[in-house]
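Colleague:
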C-alpha cells in the first residue's frame, strides 16, 4: 500500500468519526442527508460482497466491516432522529440509483466465459457501487446549499470525504505508473466524484475558512 | 504495461 492510498483511507475513516461525533455529541442530525447516508450504505453493501469470497488482507477486511457497520448505524440514527424533519433532504435519488444500475449492467468487469453467474452478478454490483458512490454526495450537497445553519462539523465531514477522493486519485496515478494497476471504471468514476467535491470546497472555503467571528 | 489487477482497494 502506498502513502496516498493510506492517507485517503485514513481521511475516509476520519469522515465516519466526524459524522458519528456530530450525531452523538450534538444529539441532532440536522444538516445530515439521510438519502446520502442510505446511498453510502448501499454502496458499501454492494461493493463488499466480496468479503464472503475474497480475502485480501486483515486491513481490508476490518475496514470493509467497519464501513458497512458504521454507515448502517449512521442511517439508523439519522432515520430515527425525531428532532430533525430534514425537510430539505429533497433530492430525487431515483435519478441517481436507476442510471447507476443501468450503466453497471452495460459497463462492468464481468467475464461470462470465466466465473459463475454469482461472481458476475458481484461484478455488476461492484460497478453499480462505483457509479453510485460517485454521485451519492449530491443530496448532501443540495442540503448544504439550502441550509443556513450548517454546523462546522458537517462541513469538516464533507472535507474529509473530499480529501479521501483526492488522495485516491493520486494513489491511482502512483499505481498505474509503478504497478500497471488500472481499473478504468473506478478511475473515471473517481474523477467525476472528485470534481463534485470541487463545488463543495468552494463552499467550505467561503463558509468555514473565511467565516469571521461576529 | 497494464494488467488486470485484483480489486484490493476500498
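Chains as they are written, first to last, in our numbering: chain P, 20 to 233; chain A, 278 to 287. Glycine included, every Cβ here is placed at the ideal spot set by N, Cα and C.
1. Taking any Cβ of chain A, which residues in the segment 71 to 82 of chain P have a Cβ under 8 Å from it, in chain order?
2. Can you check whether the CB of residue 177 of chain P is closer than 9 Å to the CB of residue 156 of chain P?
3. So is residue 198 of chain P in contact with chain C if we call contact Cβ pairs under 9 Å?
4. Does chain A have any CB closer than 9 Å to the CB of residue 181 of chain P?
5. For the putative contact between residue 162 of chain P and residue 108 of chain P, defined by C-beta atoms under 8 Å, what is the C-beta separation to the nearest angstrom?
6. With distances taken from CA atoms, which of P:220, P:224, P:181, P:218 is nearest residue 209 of chain P?
7. Can you find a CB in chain A that lies within less than 9 Å of the CB of residue 230 of chain P?
8. Within this structure, are the beta carbons of residue 213 of chain P and residue 151 of chain P separated by less than 9 Å?
9. In whole angstroms, what is the alpha-carbon distance linking residue 160 of chain P and residue 205 of chain P?
10. Quick one, which residues of the segment 196 to 211 of chain P are near chain A if we go by CB-CB under 8 Å, in chain order?
11. Evaluate residue 134 of chain P with the Cβ neighbour count: other Cβ atoms within 10 Å of its Cβ, from every protein chain shown; 16 or more gives buried, anything less gives exposed.
12. For a quick check, are the C-beta atoms of residue 46 of chain P and residue 112 of chain P less than 9 Å apart?
13. Using C-beta distances below 7 Å, list every residue in its chain close to residue 122 of chain P, excluding the 5 sequence neighbours before and after it, in chain order.
14. Work out the CA separation of residue 225 of chain P and residue 172 of chain P for me, nearest whole Å.
15. Are the C-beta of residue 136 of chain P and some C-beta of chain A separated by less than 9 Å?
16. To the nearest whole angstrom, what separates the beta carbons of residue 87 of chain P and residue 42 of chain P, a pair I think is in contact under 8 Å?
17. Mind reading off the beta-carbon distance from residue 95 of chain P to residue 83 of chain P? Whole number of angstroms is fine, and I expect it under 8 Å.
18. Does residue 86 of chain P have its Cβ less than 9 Å from a Cβ in chain A?
19. Give the single residue among P:73, P:69, P:184, P:143 whose Cα lies nearest to the Cα of residue 124 of chain P.
20. Name the two residues that bound the continuous alpha helix (DSSP H) containing residue 136 of chain P.
21. Between the Cα of residue 128 of chain P and those of P:35, P:146, P:117, P:194, spot the shortest distance and give me the residue it belongs to.
22. Taking the CB atoms as reference points, tell me whether residue 186 of chain P and residue 23 of chain P lie closer together than 9 Å.
23. Do the CB positions of residue 282 of chain A and residue 80 of chain P come within less than 9 Å of each other?
24. Using a C-beta cutoff of 9 Å, does residue 278 of chain A count as contacting chain P?
Modeller: Per the coordinate set shown:
1. The residues in question are 73, 75, 76, 79, 82.
2. Position 137 of the first chain, counted from the start, is the residue given in the question as residue 156 of chain P. Position 158 of the first chain, counted from the start, is the residue given in the question as residue 177 of chain P. The answer is yes: Cβ separation under 9 Å.
3. The structure shown contains no chain C; its protein chains are P and A.
4. Here the question's residue 181 of chain P lines up with position 162 in the first chain. No, no contact with chain A.
5. Numbered from 1 along the first chain, position 143 holds the residue referred to as residue 162 of chain P. Numbered from 1 along the first chain, position 89 holds the residue referred to as residue 108 of chain P. Indeed, because the Cβ distance is near 6 Å, the residues count as touching under 8 Å.
6. Position 190 of the first chain, counted from the start, is the residue given in the question as residue 209 of chain P. It is P:181 whose Cα lies nearest to the Cα of residue 209 of chain P.
7. Translated into the one-based positions of the first chain, residue 230 of chain P becomes position 211. Residue 230 of chain P does not count as touching chain A.
8. Locating residue 213 of chain P in the first chain gives position 194, counting from the first residue. Locating residue 151 of chain P in the first chain gives position 132, counting from the first residue. No.
9. Residue 160 of chain P sits at position 141 when you count from the first residue of the first chain. Residue 205 of chain P sits at position 186 when you count from the first residue of the first chain. For the pair residue 160 of chain P and residue 205 of chain P, the Cα-to-Cα distance works out to about 22 Å.
10. 198, 199, 200, 201, 202, 205
11. Here residue 134 of chain P refers to the residue found at position 115 of the first chain. Classification for residue 134 of chain P: exposed.
12. In the first chain, the residue the question calls residue 46 of chain P occupies position 27. In the first chain, the residue the question calls residue 112 of chain P occupies position 93. The answer is no: Cβ separation not under 9 Å.
13. By one-based count along the first chain, residue 122 of chain P stands at place 103. The residues are 150.
14. As a position in the first chain, residue 172 of chain P is number 153, starting the count at 1. As a position in the first chain, residue 225 of chain P is number 206, starting the count at 1. C-alpha separation (whole angstroms): 15 Å.
15. Position 117 of the first chain, counting from 1, holds the residue named residue 136 of chain P. No, because no Cβ of chain A sits closer than 9 Å to the Cβ of residue 136 of chain P.
16. On the first chain, position 68 is the one that residue 87 of chain P refers to. On the first chain, position 23 is the one that residue 42 of chain P refers to. Between residue 42 of chain P and residue 87 of chain P the Cβ distance is about 17 Å, and since that is not below 8 Å, they are no contact.
17. The sequence position of residue 95 of chain P within the first chain is 76, counting from 1. The sequence position of residue 83 of chain P within the first chain is 64, counting from 1. Not a contact, Cβ separation roughly 19 Å.
18. Along the first chain, read from residue 1 onward, the residue named residue 86 of chain P stands at position 67. By this cut-off, residue 86 of chain P is an interface position.
19. Here residue 124 of chain P corresponds to residue number 105 of the first chain, with the count starting at 1. Among P:73, P:69, P:184, P:143, the Cα nearest to that of residue 124 of chain P is on P:143.
20. Sequence index remark: in the first chain, residue 136 of chain P carries index 117 (1-based). Here the alpha helix (DSSP H) through residue 136 of chain P covers 136 to 154.
21. Taking the first residue of the first chain as 1, we reach residue 128 of chain P at position 109. Out of P:35, P:146, P:117, P:194, P:146 has the C-alpha closest to the C-alpha of residue 128 of chain P.
22. Within the first chain, numbered from 1, the residue matching residue 186 of chain P stands at position 167. Within the first chain, numbered from 1, the residue matching residue 23 of chain P stands at position 4. The answer is yes: Cβ separation under 9 Å.
23. Taking the second chain and counting its residues from 1, one reaches residue 282 of chain A at position 5. Taking the first chain and counting its residues from 1, one reaches residue 80 of chain P at position 61. No, the Cβ-Cβ distance between residue 282 of chain A and residue 80 of chain P is not below 9 Å.
24. Counting from 1 along the second chain, the entry for residue 278 of chain A is found at position 1. Because residue 278 of chain A sits at a pLDDT of 48, beneath the cut-off of 50, its placement in the model cannot be relied upon, and the following sentence gives the value as read from the coordinates. Yes, residue 278 of chain A counts as interfacial toward chain P.
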